[in-house]
Amino acid sequence: MEPPAAAARQVETDDQIALLSKPKNKGGNSDLASAGFNIINSIIGSGIIGLPYSMKEAGFPLGVLLLFVVAYITDYSIILLIKGGNLSSTKTYQELVKKTYGLVGYLILSTLQFLYPFIAMISYNIITGDTLTKVFQRIPGVGLDNVLIDRHFIILLTTIIFTLPISLYRDIAKLGKISLLSLILTIVILIIVMVRTVTFSPQVPKSENAWIFAKSNAVQAIGVMSFGDIFENYCRDDNLATFGRFCYGVTVILTFPLECFVTREVIANVFFHGDLSTVFHVFVTVVIIAVATGVSLVYDCLGIVLELNGVLSATPLVFIIPSACYLRLSKERWNHSDNLISGLILVLGVLVMAVGFVMTVLYPQECSHGKEMFYCSPSNVSSQNSTLPP
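Note that full-length UniProt numbering numbers the sequence shown so that position 240 is 240, with each residue one more than the last.
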């Protein structure tokens with residue numbers, strides 16, 4: 001019988017091999033650059049534009065702290081998944097959960113893995129419709145009755161011309177250049193936001209308790225961290241912000257196919273044993289996008305749904321399930337560091353789910369997209385300018 005210390009060293013060695021070794025090619029043609037661009041785009045992507053709103057909801061100091069805490073927990077959860085895979089001789093998240101908690105656990109995981117990116121797809125369509133219509137309003141000759149400022153038309157147009165064709169790619173490596181373009185546009189957006197922070201701040205009145213450490217919506221902030229839109233704060237006649245909106249809309253369109261890839265992969269694994277024929281590949285892709293587009297056409301405000309998605313879908317995927325799998329598979333003593341940290345993350349995840357759900361239901365996020373900020377009115381701009389030194 002192998003001693004526990006030797007077994008622990010073996011698991012650690014296997015972890016390093018799993019992280020550092022080059023996997024065998026199983027039909028994909030992904031290179032390091034393409035994979036890197038796709039990963040960064042899926043993690044950062046358009047979500048970085050929502051961080052300011054998340055900081056506002058949580059309180060800026062606590063928001064920054066939460067950002068680092070969630071990043072650490074996510075990193076540690078990945079390590080737990082690798083260790084759990086070594087202990088159970090499995091290679092994927094789905095296989096690990098199925099071997100640990102059976103078919104019921106596998107179906108719960110698959111449902112969560114499908115819902116989180118699927119609802120993200122719906123939100124991306126809504127953001128595209130709301131953002132690009134404001135851009136087209138700035139084009140000379142485009143009036144209120146023009147089809148270009150109809151969000152339904154814009155959503156359908158971008159879906160048919162851009163997101164559907166790009167989402168039909170089988171190999172995610174083909175999205176590498178698209179993800180690179182999305183990242184470049186994200187950098188442009190950040191530059192625009194930083195410029196407007198300096199030039200626009202005199203026009204915006206200071207908020208009360210702007211630097212308070214924590215607010216009551218801190219848990220909800222985790223749920224909306226990836227879906228806020230900072231460009232709602234800028235005036236519609238701001239040309240630089242309009243260009244930023246255009247870049248943001250394009251970024252969201254280019255991030256959409258990555259989410260579609262995940263949802264299609266989940267369906268393929270659950271119903272088709274991971275292998276889709278060309279006909280079913282096209283059929284499943286069209287159905288997923290059609291349903292997501294249909295929902296985004298009917299509903300133009302999904303604030304509470306997005307918060308619930310973050311709390312009820314993302315939290316189990318990142319906090320609860322990896323920890324629960326490792327704790328069930330671990331042969332170490334209860335006071336081993338990995339077991340203690342896993343237990344802490346598990347309890348924290350359950351608390352975030354419970355408190356976040358209650359807070360979201362009791363204090364739902366208001367839908368205010370498309371509403372012009374009060375400081376953008378001509379009277380407010382005039383009064384602000386009159387108080388500024390010449």
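Where a beta carbon is used, it is the ideal one built from N, C-alpha and C, also for glycine.
Keep in mind that this is a model prediction, so the values were computed, not measured.
Whole-number beta carbon distance between residue j and residue i, since they are thought to touch under 8 Å
i: I253; j: T133; result: Rounded, the Cβ-Cβ distance is 14 Å, inconsistent with contact.
i: R245; j: T131; result: 5 Å
i: residue 396; j: I267; result: Residue 396 is absent from the structure shown; the chain starts at 1 and stops at 390.
i: R138; j: T251; result: With 8 Å as the limit, R138 and T251 do not qualify as a contact, their Cβ atoms being about 19 Å apart.
i: I166; j: P257; result: 4 Å
i: I122; j: S296; result: 5 Å
i: L96; j: L107; result: In fact, because the Cβ distance is near 14 Å, the residues do not count as touching under 8 Å.
i: I192; j: L240; result: 6 Å
i: F319; j: G349; result: 3 Å
i: C325; j: T92; result: About 12 Å; that fails the 8 Å criterion.
C-alpha gap between residue i and residue j, whole angstroms
i: G84; j: L317; result: 15 Å
i: V171; j: W334; result: A small fix is needed here, since residue 171 is Asp in this sequence, not Val. Distance between the alpha carbons of D171 and W334 is about 43 Å.
i: D145; j: P61; result: 45 Å
i: A290; j: L156; result: 10 Å
i: D275; j: S179; result: 25 Å
i: L329; j: T360; result: 34 Å
i: H281; j: E265; result: 10 Å
i: I119; j: I154; result: 19 Å
i: F269; j: G141; result: Strictly speaking, residue 269 in this sequence is Asn, with Phe absent from that position. Cα-Cα distance, rounded: 50 Å.
i: L109; j: P322; result: 11 Å
i: L344; j: V69; result: 13 Å
i: F114; j: T199; result: 42 Å
i: V298; j: Y124; result: 14 Å
i: N86; j: I78; result: 13 Å
i: M194; j: F136; result: 24 Å
i: C301; j: T197; result: 27 Å
i: S88; j: Q94; result: 12 Å
i: L66; j: G143; result: 44 Å
i: V147; j: E232; result: 22 Å
i: R151; j: D237; result: 19 Å
i: G63; j: M55; result: 5 Å
i: F272; j: L306; result: 29 Å
i: G102; j: I184; result: 43 Å
i: G105; j: V347; result: 18 Å
i: Y363; j: L175; result: 39 Å
i: A58; j: V279; result: 46 Å
i: L308; j: L351; result: 14 Å
i: I189; j: F283; result: 35 Å
i: I126; j: A71; result: 27 Å
Residue from the options with nearest C-alpha to residue i
i: Y116; options: L148, A292, C247 and L240; result: A292
i: I187; options: V147, I320 and Y248; result: Y248
i: V287; options: N233, T263 and V298; result: T263
i: Y169; options: L67, S337, C260 and L362; result: C260
Chain-order list of residues whose beta-carbon lies under 6 Å from that of residue i (same chain, five-residue window excluded)
i: C376; result: C235
i: F162; result: I253
i: T90; result: L96 and K99
Cβ neighbours of residue i in the same chain (closer than 7 Å, five flanking residues each side left out)
i: N339; result: L327, S330 and E332
i: I73; result: V318, F319 and I345
i: L181; result: L254
i: T111; result: none
i: S277; result: none
Cutoff 8 Å; reference residue i; Cβ partners in own chain excluding five residues on either side
i: T285; result: L164, S167, L168, C260 and R264
i: H336; result: S330
i: K24; result: A caution first: K24 carries a pLDDT of 47, below 50, which makes its placement in the model too unreliable to give a value.
i: K26; result: Any reading at K26 needs caution, since the residue's pLDDT is 47, under 50, leaving its predicted position unreliable; the model's value is listed next. The answer is none, since no qualifying residue turns up.
Query raised in the report: Is the region 344 to 358 touching the region 306 to 320 in the sense that three or more CB pairs, one from each, lie closer than 8 Å?
Result: They touch, by the three-pair rule.
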